[in-house]
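Remarks on the structure that follows.
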Amino acid sequence: MNVSISQLPGIGQKISLKTGEDSMLVLIVHHTGKRELYFFEDKDSEEADFAMDLTADETREFGAQLLGATYQPVDADKLKIFQNQIVMDWVEIKQVSSLSGKTIEESEVRNKTGATIIGIVHGDETIAIPEADTELKAGDVLMIIGKEEQIASLTALCKGEE
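Here the numbering used here runs 29 ahead of the position in the sequence shown, where the first position is 1.
Shown next, in the form of structure tokens:
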């Protein structure tokens, strides 16, 4: 991650965080304490894909959560079970994915990739052990399980990289 900080005369400070996936977060901290958070999926884009205002308290809480105040993710190596044969992962279905708009059965995910969908997060709804007739939609986050190469294959499908 590449972090740059610049002064905004009369306004405050701009903190830009560029990720390895070519996206960018920008936080503008005003002298008044107001904070503006912007997300750019493409770091070179002129217009933010998402923006929100945060109070000082909200910013501190967000920072605490990023640091792991209430949840510490499990080390990826600890998610590997049965001598590195089975892996669990989370992957988002992108708009360009051929899976979007199909049911699990229609998509033939298991036959095509070998990986299994064991959960779906769709907005505020969480579906544990989804049925075969559950429709997959762009933006859904799938909890998947399988061997490393199976996970990679399903991840590529979710990204539209068939």
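Ideal placement from N, C-alpha and C gives every residue a C-beta, glycine not left out.
Same chain only: Cβ atoms within 6 Å of Gly189, ignoring 5 sequence neighbours per side: Against the sequence shown, residue 189 aligns to sequence position 160. Cβ contact annotation for Gly189 (same chain, cutoff 6 Å, sequence separation greater than five): Lys123, Val125, Ser126, in chain order.
Helix, strand or coil at Glu76 according to DSSP, with G and I counted as helix
Within the sequence shown, numbered from 1, the residue matching residue 76 stands at position 47. The answer is coil: DSSP assigns Glu76 none of H, G, I, E or B.
> What do you get for Asp169, buried or exposed, if any count of 16 or more other CB atoms within 10 angstroms of its CB means buried?
Replying inline: Residue mapping note: residue 169 aligns to position 140 of the sequence shown, counting from 1. By the neighbour-count definition (other C-beta atoms within 10 Å, threshold 16), Asp169 is a buried residue.
- Task: Label Ile149 either buried or exposed according to how many other C-beta atoms from any shown protein chain fall within 10 Å of its C-beta, with 16 as the threshold for buried.
- Result: Numbered from its first residue, the sequence shown carries residue 149 at position 120. It counts as buried.
Exercise for review: List the DSSP bridge partners of Leu83.
Suggested key: The residue given as residue 83 occupies position 54 in the sequence shown. Answer by DSSP bridge pairing, in chain order: Arg64.
inquiry  = Let me check one thing: in DSSP terms, what residues is Asp69 bridge-paired to?
reply    = The residue given as residue 69 occupies position 40 in the sequence shown. Per the sequence shown, the amino acid found at residue 69 is Phe instead of Asp. Paired residues: Met53.
Counting Cβ pairs closer than 8 Å, one from the region 136-147 and one from the region 169-186, do we hit at least three? The region 136-147 vs the region 169-186: in contact.
Is Gly130 near Glu160, with beta carbons less than 9 Å apart? Reading the sequence shown from its first residue, position 101 is the one you call residue 130. Reading the sequence shown from its first residue, position 131 is the one you call residue 160. In this structure, Glu160 does not lie closer than 9 Å to Gly130 by Cβ.
Item checked: DSSP beta-bridge partners of Met172 -> As a working note, residue 172 is residue 143 in the sequence shown. The partner list for Met172 (beta bridge, DSSP) reads Trp119, Gly148.
Original post:
Whose C-alpha, out of Glu134, Gly41, Met117, is nearest the C-alpha of Asp162?
Top reply: The residue you call residue 162 lines up with position 133 of the sequence shown. Of the listed residues, the one whose Cα sits closest to Asp162 is Glu134.
**Environment of Val120 [buried if 16+ CB atoms lie within 10 Å]** = One-based indexing of the sequence shown puts residue 120 at position 91. With 16 or more Cβ atoms within 10 Å of its Cβ, Val120 is classed as buried.
- Can you give me the Cβ contacts of Lys47 inside the same chain, cut-off strictly under 6 Å, excluding the 5 residues immediately before and after it? Sequence index remark: in the sequence shown, residue 47 carries index 18 (1-based). Taken in chain order, the residues that qualify are Asn31, Met53, Lys72.
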